[in-house]
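**Student:**
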Amino acid sequence: MNVLETFGLGVRYGQTWAVSDCTLAIPEGRIVALAGSNGAGKTTLLHCAVGLTEATCGTVGLLGDLPAGSLDALERIAFVAQDAPLYRHLSVNEMVEVAANLNRRFDRPFASARLRALDIPVKRRVGKLSGGQQAQLALTLALARHPHLLMLDEPLARLDPVARHDVMALVMTMAAEEGVSVVFSSHVVSELERVADYLVLMAQGRLQLVGPIEDILAEHTVLNGPADEAERVGEHLCVVHAEKAARRVQLLVRHDRPIETPIGWEVDAPSLDELVLAYLRDPSLVGRSGPVAVAATAAGELAQ
Numbered sequence: 020m021n022v023l024e025t026f027g028l029g030v031r032y033g034q035t036w037a038v039s040d041c042t043l044a045i046p047e048g049r050i051v052a053l054a055g056s057n058g059a060g061k062t063t064l065l066h067c068a069v070g071l072t073e074a075t076c077g078t079v080g081l082l083g084d085l086p087a088g089s090l091d092a093l094e095r096i097a098f099v100a101q102d103a104p105l106y107r108h109l110s111v112n113e114m115v116e117v118a119a120n121l122n123r124r125f126d127r128p129f130a131s132a133r134l135r136a137l138d139i140p141v142k143r144r145v146g147k148l149s150g151g152q153q154a155q156l157a158l159t160l161a162l163a164r165h166p167h168l169l170m171l172d173e174p175l176a177r178l179d180p181v182a183r184h185d186v187m188a189l190v191m192t193m194a195a196e197e198g199v200s201v202v203f204s205s206h207v208v209s210e211l212e213r214v215a216d217y218l219v220l221m222a223q224g225r226l227q228l229v230g231p232i233e234d235i236l237a238e239h240t241v242l243n244g245p246a247d248e249a250e251r252v253g254e255h256l257c258v259v260h261a262e263k264a265a266r267r268v269q270l271l272v273r274h275d276r277p278i279e280t281p282i283g284w285e286v287d288a289p290s291l292d293e294l295v296l297a298y299l300r301d302p303s304l305v306g307r308s309g310p311v312a313v314a315a316t317a318a319g320e321l322a323q
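Numbering (the numbering used here), first residue to last: 20 to 323.
1. From which residue to which residue does the beta strand (DSSP E) around Gly244 run?
2. Measuring alpha carbon to alpha carbon, tell me which residue in His260, Pro281, Ala237 is nearest Arg251.
3. Would you check if the distance between the CB atom of Leu211 and the CB atom of Ser205 is smaller than 7 Å?
4. Out of Arg144, Lys147, Ser131, Lys142, which one is the CA nearest neighbour of Leu158?
5. Note the first and the last residue of the continuous beta strand (DSSP E) segment covering Tyr217.
6. Can you tell me whether Val30 is helix, strand or coil according to DSSP?
7. Given this structure, state the Cα-to-Cα distance separating Glu324 from Arg225, to the nearest angstrom.
8. Leaving out five residues on either side along the sequence, give the residues of the same chain with a beta carbon under 8 Å from the beta carbon of Val145.
9. Would you mind sorting His167 into buried or exposed? The rule is 16 or more other CB atoms within 10 Å of its CB.
10. State the beta-bridge partners of Arg177 as determined by DSSP.
11. Rounded to the nearest angstrom, what separates Leu71 and Lys263 at their Cα positions?
12. Using the C-alpha atoms, what's the distance from Leu81 back to Ala68?
13. At the level of alpha carbons, what is the spacing between Met221 and Thr63?
14. First and last residue of the alpha helix (DSSP H) that includes Ala19?
15. Which of helix, strand or coil does DSSP assign to Asp91?
16. Any beta-carbon of chain D closer than 7 Å to the one on Asn120?
What follows is the structure, given as structure tokens:
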């Protein structure tokens, strides 16, 4: 089952396409890094998935065949927006009660225990909490629903480093123990590299890379060698990005089969961070995306 599917999805504001020609299928059981620079279309894609934004064209489906924004879908997914929208005039306790009354699957003991562990004063008004505490409250309310799909839009932006680590650890635990599928949106890939196993990279509203991170990394290699040989070596390879320093050059190349190392050159594996950065430097580049990535993923799973 795919937890999120889009076909030909497009969202236009005036003359600007925030998302364009987006065809995507994310398998269940994944922790997905939805990455891209600010304005890439990440938030718009998530808003379409939860019914907050209406698509201009195309379709969106959740958890197999549930329409985006439907009551059945909303019952089984949880979404934490970047600005953590909460009722600021309510106390934390009252906010928990509102969430519990709106969601049949809400786990009050879990929410209470987590708020105590975070030392969040439950009688204080939400508007009087710090930004980090509000983010933790919003995340707690989402996790207490025990969703099948958890979608988080820049959830770590207002948290300190220790809180970020703890949130990541908790999400990983829930994914492992409860089988929750997770989509993390962030423009800081290094925050997600430790936990994510699937990548959706967007630039200027379009998909650039989609697929299991392990497979994407295996399809790219870093070559280091003499700068004066860069053109000769590069003409036989698919060069994603070239970076020169003094008399040396570093080439990030994409390949569908093992490549032969040129004499005098060194080979290295790229990190996810540097691979994403290379693609974002040129939004016209497309690696695995859309149906191609979906077909490759399905073929790999069948082969296993």
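C-beta: ideal position from N, C-alpha, C; glycine also.
**Tutor:** Judging by the given coordinates:
1. Numbered from 1 along the sequence shown, position 225 holds the residue referred to as residue 244. 239 to 245 is the span of the beta strand (DSSP E), which, as asked, contains Gly244.
2. Within the sequence shown, residue 251 is the residue found at index 232, counting from 1. Distances from the alpha-carbon of Arg251 to those of His260, Pro281, Ala237 put Pro281 closest.
3. Walking along the sequence shown from the start, residue 211 turns up at place 192. Walking along the sequence shown from the start, residue 205 turns up at place 186. Yes. Within cutoff.
4. Taking the sequence shown and counting its residues from 1, one reaches residue 158 at position 139. It is Ser131.
5. As a working note, residue 217 is residue 198 in the sequence shown. Counting along the chain, Tyr217 sits inside the beta strand (DSSP E) bounded by residues 217 to 222.
6. Working through the sequence shown from its first residue, we reach residue 30 at position 11. Val30 falls in the strand class under three-state DSSP.
7. A query on residue 324 cannot be resolved here, the shown segment of the chain reaching from 20 to 323 and no further.
8. Position 126 of the sequence shown holds residue 145. So the qualifying residues of the chain are Leu105, Tyr106, Arg107, His108, Leu109, Ser110, Val111, Met114, Gln153, Leu156.
9. One-based indexing of the sequence shown puts residue 167 at position 148. Within a 10 Å sphere around the beta-carbon of His167 sit 16 or more other beta-carbons, which makes this residue buried.
10. For this step, residue 177 is matched to residue 158 along the sequence shown. DSSP lists no partner for Arg177.
11. What you label residue 71 is simply residue 52 of the sequence shown in a count that begins at 1. What you label residue 263 is simply residue 244 of the sequence shown in a count that begins at 1. Whole-angstrom Cα-Cα distance: 45 Å.
12. As a working mapping, residue 68 is identified with position 49 in the sequence shown. As a working mapping, residue 81 is identified with position 62 in the sequence shown. Rounded to whole angstroms, Ala68 to Leu81 spans 7 Å at the Cα level.
13. Indexing the sequence shown from 1 puts residue 221 at position 202. Indexing the sequence shown from 1 puts residue 63 at position 44. For Met221 and Thr63, the gap between their C-alpha atoms comes out near 11 Å.
14. Absent from the structure is residue 19, since the part of the chain shown begins at 20 and ends at 323.
15. Counted from its first residue, the sequence shown places residue 91 at position 72. It is helical.
16. The chain labelled as chain D is not found in the depicted structure, where only one protein chain is given.
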